[in-house]
Structures are given as C-alpha cells and as structure tokens.
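Asks: This is the structure I want to talk about, given as structure tokens.
There are 2 protein chains.
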Amino acid sequence: MERVAIIGCSMTQFGQREGWIQDLLAEAGLECLEDAGVDADDVEHLYVSNMASGEFEGQTGVMNGLAHDIGAIPAYTQRIDQTSSSGGAGIYAAWQSVASGASEMTLLVGGEKMTHRTTGESTDVIASITHPAEYKTGVTLPSFAGMTARHYLERFDAPRESLAKVAVKNHRNGVDNPHAQFQKEVDLETVLESPIVADPLRLYDFCPITDGSAALMLCPESVAEEYADDYVVISGIDGATDTHVVHEREDPTVMGGVVESGKGAYEMSGRDPEDIDVAELHDMFTILEFLQMEGLGFAEQGEAWKLVEEGYTERDSGELPINTSGGLKSKGHPLGASGVAQGVEIYEQLVGEAGQRQVEADVGLCCNVGGFGNCVITTIMEAAQ
Amino acid sequence: MERVAIIGCSMTQFGQREGWIQDLLAEAGLECLEDAGVDADDVEHLYVSNMASGEFEGQTGVMNGLAHDIGAIPAYTQRIDQTSSSGGAGIYAAWQSVASGASEMTLLVGGEKMTHRTTGESTDVIASITHPAEYKTGVTLPSFAGMTARHYLERFDAPRESLAKVAVKNHRNGVDNPHAQFQKEVDLETVLESPIVADPLRLYDFCPITDGSAALMLCPESVAEEYADDYVVISGIDGATDTHVVHEREDPTVMGGVVESGKGAYEMSGRDPEDIDVAELHDMFTILEFLQMEGLGFAEQGEAWKLVEEGYTERDSGELPINTSGGLKSKGHPLGASGVAQGVEIYEQLVGEAGQRQVEADVGLCCNVGGFGNCVITTIMEAAQ
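Same order as they appear, the protein sequences are chains F and U. For the first sequence, the positions run 1 to 385 when UniProt numbering is used. For the second sequence, the positions run 1 to 385 when UniProt numbering is used.
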C-alpha cells in the first residue's frame with residue numbers, strides 16, 4: 001500500500017482570540033492551502049477536529065461552515081471528536097481517508113474556541129469527558145493529575161522539582177514559537193510558588209485554556225511528489241483506549257492507551273523508541289510528560305524524572321528533545337487543535353522549517369491524550385526528502 | 001483492494017426512551033456483537049455516530065463510555081459528527097478504517113437521546129447545523145422545507161396530495177417495523193388536515209424527535225466469510241457538500257450533495273440507478289423524498305411525485321420500494337442513529353432478514369442528508385451470498 005504523506009501545515013496564533021470558531025478554522029485552513037500549494041477545489045475530504053463547538057458556542061456543522069469559508073464545496077466533510085485527543089484522531093482519520101483510496105487530498109483542520117467562556121464553564125465541559133461516576137463526585141482531570149503526581153513522586157522517590165522542570169523547559173521552548181500563547185520563560189521558583197490547584201500540582205503545572213487552530217494537508221506519496229520536494233510520511237499510527245473509569249486501572253502511573261497506541265505505531269513503522277529524534281507529548285499536566293515518556297519506552301517506569309533532571313529532553317543539548325514547540329504548557333491547549341499542532345511541530349522539524357526551535361531529526365513522534373488517558377493516539381512521522 | 005463487508009446489525013426500539021445516551025449505545029452495541037457473533041475483544045475500532053450528546057445531555061466522551069460498557073477496551077474509539085447525516089458518515093468512516101487496513105473489525109454504533117429536551121430546545125440545537133446568516137433570522141430547517149415544497153409543487157404542477165402520499169406510504173411500512181416509533185397507519189385526510197408547520201407542509205410531513213440507537217459490524221470480506229454465510233458488501237460510498245448558505249443554491253429543488261455523492265457511489269460500485277432494488281432515503285420532510293429520488297436518478301427532475309402517485313415506490317407492489325423501514329417519518333429520527341438505521345434496513349433486506357417488510361433485493365442504496373442537504377452521504381450495498 002502506498003504511504004501517506006504530509007505536504008503542508010499551518011497554525012494560527014494560539015491564545016485569547018477575537019471572533020468565533022469558524023474564523024479560527026478558516027484562518028488555519030486557508031494558510032494550509034497556501035503552504036501546501038493546493039487549490040481548495042482539489043480538496044476531496046475536509047476533516048475538522050473539534051470537541052465541543054456546540055457546547056462552547058452553540059454552533060454545530062462547523063465542518064460545513066469551513067468548506068463554505070475556504071471554498072472547498074463539494075468536498076466531503078466530517079467532524080472528528082475524541083475529546084482532548086481529537087486532533088490526533090483527526091490525523092488518523094485523514095490517514096485512513098488517503099490510505100483507503102477514498103481521498104487523494106485531505107485537509108485536516110483542528111480548532112477550538114474556549115476563552116470566551118469562564119474557566120468554570122470550560123471546566124464543566126472538559127469534566128464531562130470522563131465517567132460520571134468520577135466527575136460527578138468532583139474527581140475532574142486536574143484532581144486525577146494531582147493524585148497521580150503525588151503517587152508518582154512518593155513511589156519513585158522523585159523530587160517535586162523534577163515536575164516543575166518540565167514546565168520550565170516547555171516554557172523556554174515556547175519563547176521561540178511565535179504562535180505560542182505564552183512566549184515567556186518561567187523559573188523554577190515561580191512554578192514551585194504558584195498557587196496550588198491539586199496538591200502537589202500548582203498553577204504552572206497546568207496548561208492554559210486557549211483559542212486556536214492548526215492544519216495539515218495529507219495525500220498519497222505519489223501525489224506529494226508533485227507538490228513538494230521535502231515532505232513527511234506517516235510511517236506509524238495507532239490509537240487505543242484505557243479504562244473509562246480511571247480508578248479501575250491497576251497502576252495509576254501506567255497509561256494503557258499510551259502503551260498500546262505506542263506499540264501499534266512502533267510496529268507499523270518498524271521503529272523503536274531509540275529511533276525517535278524528537279517528540280511532542282501531551283503535557284496538559286506536567287506529570288503527563290513523565291507518564292508518556294515511560295509508556296512510550298523513552299524511559300523505564302519511574303525513571304522519566306531522572307532524564308528530565310539530566311537534561312535528556314532539552315531542545316538544544318538533549319538526546320531526545322521533547323515539546324520543542326513549547327508543548328500544551330506554553331503553546332496552549334485548544335482541545336481539537338492540540339493534536340494537529342503537535343503534528344505541525346513534528347512536520348516542521350522534519351522538513352527543517354522550525355526556525356529557532358530547529359533540532360536535527362529524521363523521525364518524530366506525537367502522542368495526543370484524551371481525558372486522563374481514556375483514549376490516546378500515537379503517530380510516527382519521517383522525513384522523506 | 002479487498003471489499004468491505006457488513007456481517008451483523010442491531011437496532012433498539014426507537015421512540016421516547018428512558019435512561020441516557022450511554023444506555024442506548026450500549027444496548028445497540030451489545031446486540032450487534034451478538035448478531036455478528038463477534039467478541040468485544042475482537043473489535044479493533046469502535047465508532048460512534050452522534051451529533052450532540054454534549055448539547056443534549058452535557059455528556060461528552062460517549063465513545064469511550066461505550067468501549068467501557070460493552071467491554072471493548074483497548075479498542076480505538078472515535079465520535080463521528082456530520083450533523084443529521086452522522087450515521088452515514090459513520091458508515092463511511094468505518095468503511096475507511098477497514099479499507100485502509102487499520103482495522104479488521106469495526107463496530108459502528110449510531111445514537112441520539114433527544115426527547116428529554118423540549119421540542120424548542122431540540123430545535124435550537126438542530127437549527128445550529130446551518131449557517132447563522134439563515135437560522136439566526138428564523139430560517140430553520142422546517143422553513144427551508146416549506147419554501148422548497150411550495151416552489152416544487154408550483155413549478156412542477158404537482159398536487160399537494162403527492163407529498164402526503166409519501167407520509168402515508170412510509171407510515172404503512174412502519175407498521176411492520178417493530179422498532180419504529182410510530183407503528184400506525186395514517187390516511188391522506190389525516191396528513192392533509194394536520195396542523196400547519198411551514199406552509200404548505202403540515203405536522204405529518206415531518207419526522208418526529210426520537211431517542212434510539214442502531215449498529216453495524218464491518219470487516220474485510222475475507223474475515224466476513226469466517227463469520228457468516230450471508231453477508232453484505234459496500235460496493236459504493238461517497239459523500240459531498242452543497243452550499244452551506246442554502247439560499248445561494250441556483251435551483252432549490254436540486255440538492256447538489258445528493259447528486260455528487262450519488263454519482264460517486266454509482267461510479268465506485270459500477271451500478272446505475274436502474275440496478276437499485278430497494279432504497280432508504282432521508283425523509284426528514286416529505287419533500288426530501290422527492291428531491292433525493294430525482295438527485296439519485298430514480299426520476300427526472302420534477303417527476304418524482306408522479307412515481308409516488310403511480311405506486312412505483314410502494315413496498316409490496318412497486319418497482320423500487322423506498323423506505324421499507326418506515327423511513328425517518330414513522331421510524332423516527334434520532335440524529336446520529338438514522339444513517340446507521342438506514343444501513344440496518346438495507347442489510348436486513350439484502351440478507352433476507354426483513355420479516356414482514358421483506359422485498360426482493362440484491363442491491364440497495366441509502367442516502368443520508370445533513371442539514372438541508374449541506375452534507376450528504378450515499379451508500380450502495382450488495383448481497384454477497
């Protein structure tokens with residue numbers, strides 16, 4: 001079967017944005033068409049990764065609105081929701097559309113508009129991702145993160161500072177990302193002294209609420225060659241669920257969805273963790289970066305914190321730079337956009353368009369986490385010059 | 001490429017149901033596993049067609065809830081939304097998952113829980129499918145239907161009764177569908193004297209608001225042979241959009257999405273309209289059955305009403321039985337479930353499991369319409385004994 005390629009990308013400014021979801025989707029969609037050099041008329045499938053435009057803005061049918069706004073009618077449209085991993089699921093859906101022969105040119109646009117709602121209202125929508133047995137008794141995603149972090153630190157004798165160092169690193173990377181919500185460094189002290197949210201986690205252990213959109217253009221490799229000299233292929237992709245009731249998991253430090261989706265993506269690509277040169281992980285909470293590093297085989301269980309302490313994941317000096325984009329932590333986390341934006345960063349790193357953030361990389365990986373690992377999708381991409 | 005088969009189906013009782021969306025999805029999901037003889041462990045991809053569980057019930061992540069409820073974890077999950085054609089889009093997504101080689105066993109469950117909300121609240125959610133330039137000034141889907149029906153009747157000199165006969169036929173078919181919301185006949189007079197909703201259309205020209213769920217099991221044909229003697233293959237499938245602003249269309253009686261998706265499905269299957277033995281059309285409003293008959297080539301433009309008058313689409317005596325299930329009109333229209341339920345009816349007709357509704361058929365077609373034809377998906381299925 002022919003490989004599926006990515007030939008262009010775009011990303012809007014992340015942060016607090018004017019307008020509504022359709023503006024953000026159209027902005028990213030039009031820029032991606034331009035970046036890929038593709039006419040809107042040639043888009044056969046148009047996918048929108050978006051979790052909750054209906055809940056956030058009372059507007060549904062946003063994929064058809066996007067087809068209208070960018071002039072892609074009569075392209076086939078679909079909205080993809082896999083909660084906070086909708087973007088990664090969008091990459092998988094777009095991959096399937098091309099790999100199945102259904103489409104020779106698929107535009108994927110992920111986006112979410114959240115900041116016009118209060119943090120409480122947004123949290124209500126986000127909480128409903130998980131099982132009501134938990135969130136209706138107050139165990140929301142930040143609570144899971146706090147309990148898991150406490151357990152991890154105690155069990156593996158990890159210092160609290162190691163978590164804070166994830167935030168410091170990702171903020172430092174975000175300084176060089178002109179689209180990031182926060183383009184500012186934070187020091188260890190600021191993280192450690194920020195207000196408590198879910199003990200031991202504090203404000204700077206959490207990603208913000210964000211508006212934004214990002215896009216990727218996918219097609220068969222034979223078509224990619226007509227459009228670009230440098231492009232990227234998706235060599236491995238898989239998704240998996242873990243228990244929907246989080247407290248039913250045997251080991252709270254193991255995210256089964258990360259392990260299973262990673263296994264599938266490695267197998268499909270014929271790659272090992274050692275082959276990965278750069279990775280975007282879903283650092284919605286700092287503790288999640290540790291859990292994904294371990295679940296994906298970058299570190300042994302309970303040892304990811306040591307690699308972070310040693311600088312193994314630093315952008316400029318580390319062996320495996322993680323979240324060169326700034327991660328969800330500093331770049332922001334517009335739910336449906338985040339997984340697509342991870343793909344944008346890996347694409348730019350692999351084709352050498354990452355500017356100040358550029359690292360040496362031929363093989364990259366993204367891991368996009370829904371809920372508290374309730375559903376996860378892992379994608380491996382490779383440069384194909 | 002290997003063909004994609006359907007090896008089992010299920011459908012819950014449609015109507016006003018107790019419980020919530022997760023109950024309906026689980027009921028259909030478990031029944032489909034049993035009908036197909038597939039273990040939950042063997043489901044690789046689990047897709048949920050659902051437009052608005054967040055808006056209707058404040059619950060998101062329902063695909064992960066379903067994986068939990070039927071024991072399908074760690075299957076990959078995704079929610080598919082294409083507004084009122086989410087079910088048809090789910091068939092396309094499930095088809096792509098199998099055709100791309102990503103999954104060897106995909107369970108698709110469509111469902112919606114609507115009746116606990118007032119009709120006004122439901123109408124608000126449904127109105128938001130279309131472009132705000134129209135619905136925010138009061139032009140909702142029923143208004144489009146009324147205006148289009150008036151235009152059609154005047155322009156093609158069709159009698160008002162011809163529309164009412166669609167309702168009478170579909171109600172008559174629904175009597176023999178034990179899962180239909182309304183299992184009762186209505187006579188012409190009842191339809192013609194029912195309260196006006198959007199002149200010239202009256203209450204009985206509209207489908208009801210409904211709770212319900214339906215499911216299909218898809219796999220490669222080589223796998224199907226291990227599970228079933230009689231199964232169905234999807235020989236053609238395609239989707240398309242039309243203008244998102246409805247009044248921008250050149251001819252209000254032509255649904256471009258129907259025409260384009262039909263063309264794609266016919267081309268892929270190598271079939272013509274003449275080859276279709278039975279069809280499920282999206283009769284959300286009676287006028288839509290005419291427009292789809294014409295858009296799909298079953299009748300010339302402006303002539304579908306004549307075929308209905310002649311009895312061409314009757315179940316027991318017609319040349320092309322349409323909506324043998326009772327259609328959305330009498331079966332009900334739980335948004336995300338409807339397109340899947342169309343597939344269930346065609347599957348049952350093709351494998352000879354349609355009971356009292358059985359017609360002679362080797363090739364069947366479903367057309368699922370989102371919005372007012374803003375997005376449409378057409379599927380052609382064939383018996384493969």
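Glycine residues also receive a C-beta, built at the ideal position from the N, C-alpha and C atoms. These numbers come from a predicted model, not from an experiment.
Taking the alpha carbon of residue 220(F) as the point to measure from, which residue in 102(F), 55(F), 129(F), 368(F) has its own alpha carbon closest?
Replies: The option with the nearest alpha carbon to residue 220(F) is 102(F).
Asks: Return the chain-ordered list of same chain residues with a C-beta closer than 6 Å to the C-beta of residue 37(U), the five sequence neighbours on each side being excluded.
Replies: Around residue 37(U): 227.
Asks: Could you tell me the distance, in whole angstroms, from the CA atom of residue 117(U) to the CA atom of residue 377(U)?
Replies: Cα-Cα distance, rounded: 28 Å.
Asks: Kindly identify the DSSP beta-bridge partner or partners of residue 10(U).
Replies: Bridge partners of residue 10(U): 215(U).
Asks: On the premise that residue 108(U) lies in contact with residue 76(U), defined as a C-beta separation below 8 Å, what is that separation, rounded to the nearest angstrom?
Replies: That pair is no contact at about 13 Å.
Asks: Residue 88(U) lies in the alpha helix (DSSP H); which residues open and close that run?
Replies: Taken as a continuous stretch (DSSP letters only), the alpha helix (DSSP H) holding residue 88(U) covers 86-99.
Asks: Please classify residue 164(U) as buried or exposed, where buried requires at least 16 other C-beta atoms within 10 Å of its C-beta.
Replies: Answer is buried; the Cβ neighbour count reaches 16.
Asks: Is the beta carbon of residue 80(U) closer than 8 Å to that of residue 48(U)?
Replies: Yes, the pair counts as a contact, with Cβ atoms nearer than the cut-off.
Asks: Could you pull out every unbroken alpha helix (DSSP H) segment of at least 4 residues lying fully inside the UniProt domain "Thiolase C-terminal" (240-382) of chain U, listed in chain order?
Replies: Listed in chain order, they are 256-269, 286-295, 304-310, 327-331, 335-351.
Asks: Who are the near neighbours of residue 35(F) in its chain, counting only those whose CB is closer than 8 Å to its CB and skipping five residues on each side?
Replies: Taken in chain order, the residues that qualify are 8, 9, 10, 217.
Asks: Is residue 350(F) closer than 8 Å to residue 381(F) when the C-beta atoms are compared?
Replies: The answer is yes: Cβ separation under 8 Å.
Asks: So, with DSSP's three-state summary, where would you put residue 205(F)?
Replies: DSSP places residue 205(F) in helix when its eight states are reduced to three.
Asks: Closer than 8 Å, CB to CB, is residue 266(U) near chain F or not?
Replies: Closer than 8 Å: no.
Asks: Using a Cβ cut-off of 7 Å, which residues of the region 68-89 of chain F contact any Cβ in chain U, in chain order?
Replies: Within the region 68-89 of chain F, the qualifying residues are 68, 73, 74, 75, 76, 77, 78, 79, 80, 81, 82, 83, 89.
Asks: Where does the unbroken beta strand (DSSP E) through residue 198(F) begin, and where does it stop?
Replies: Residues 196-198.
Asks: Residue 59(F) versus chain U: which residues are under 8 Å apart at the beta carbon?
Replies: The contacting residues are 128, 132.
Asks: Could you name the residues of the region 15-43 of chain F whose beta carbon sits closer than 8 Å to any beta carbon of chain U, in the order they occur along the chain?
Replies: Answer in chain order: no residues at all.
Asks: Pull the bridge partners of residue 220(F) from the DSSP assignment, please.
Replies: Answer is 4(F).
Asks: How do the region 291-302 of chain F and the region 171-179 of chain F stand: do at least 3 beta-carbon pairs fall below 8 Å, yes or no?
Replies: Cβ pair count under 8 Å is below three, so no.
Asks: Should residue 332(F) be counted as a contact of the ligand SAH given a C-beta to heavy atom distance under 7 Å?
Replies: Ligands displayed in this structure: none; no statement on the ligand SAH is therefore possible.
Asks: Thinking just about the alpha-carbon of each residue, which of 339(U), 314(U), 154(U) is nearest to the one in residue 358(U)?
Replies: Measuring from the Cα of residue 358(U), the nearest candidate turns out to be 314(U).
Asks: Put residue 389(U) into one of helix, strand or coil per three-state DSSP.
Replies: Any property of residue 389(U) remains undetermined from this structure, which presents chain U solely from 1 to 385.
Asks: Any beta carbon from chain U within less than 8 Å of residue 104(F)'s own beta carbon?
Replies: For residue 104(F), the answer is no, since every Cβ of chain U falls outside 8 Å of its Cβ.
Asks: If you run the structure through DSSP and keep just helix, strand and coil, what is residue 112(F)?
Replies: Reduced to three states, the DSSP call for residue 112(F) is strand.
Asks: What does residue 64(U) touch in chain F if you count any residue whose Cβ is under 7 Å from its own?
Replies: Here the neighbours are 241, 244, 371, 374, 375.
Asks: Taking its Cβ as the centre, do 16 or more other Cβ atoms sit within 10 Å of residue 247(F), making it buried, or is it exposed?
Replies: So residue 247(F) counts as exposed.
Asks: So, do the region 188-203 of chain U and the region 306-321 of chain U have three or more beta carbon pairs nearer to each other than 8 Å?
Replies: In short, these stretches do not touch, since the Cβ pair count stays below three.
Asks: Taking CB distances under 8 Å as the criterion, tell me whether residue 100(U) reaches chain F.
Replies: So yes, residue 100(U) belongs to the interface.
Asks: Cα separation between residue 85(U) and residue 375(U)?
Replies: Their backbone Cα atoms lie some 7 Å apart in a straight line.
Asks: With 8 Å set as the bound, which would you pick, yes or no: does the beta-carbon of residue 388(F) sit closer than that to a beta-carbon of chain U?
Replies: Examination of residue 388(F) is not possible in this model, given that chain F is present from 1 through 385 alone.
Asks: Which of the three DSSP states is assigned to residue 392(U) in this structure?
Replies: Only positions 1 to 385 of chain U appear in this structure, which leaves residue 392(U) out of reach.
Asks: Rounded to the nearest angstrom, how far is the Cβ of residue 61(U) from that of residue 148(F), given a contact under 8 Å?
Replies: About 19 Å; that fails the 8 Å criterion.
Asks: Under 8 Å, Cβ to Cβ, is there at least one residue of chain U near residue 54(F)?
Replies: For residue 54(F), the answer is yes, since a Cβ of chain U falls inside 8 Å of its Cβ.
Asks: Given this structure, state the Cα-to-Cα distance separating residue 154(F) from residue 302(F), to the nearest angstrom.
Replies: Straight-line Cα distance between these residues: approximately 10 Å.
Asks: In angstroms with no decimal places, state the Cα-to-Cα distance between residue 276(U) and residue 365(U).
Replies: Cα-Cα distance, rounded: 7 Å.
Asks: Name, in chain order, the residues that DSSP records as bridge partners for residue 15(F).
Replies: Note: residue 15(F) sits in a beta bridge opposite 211(F).
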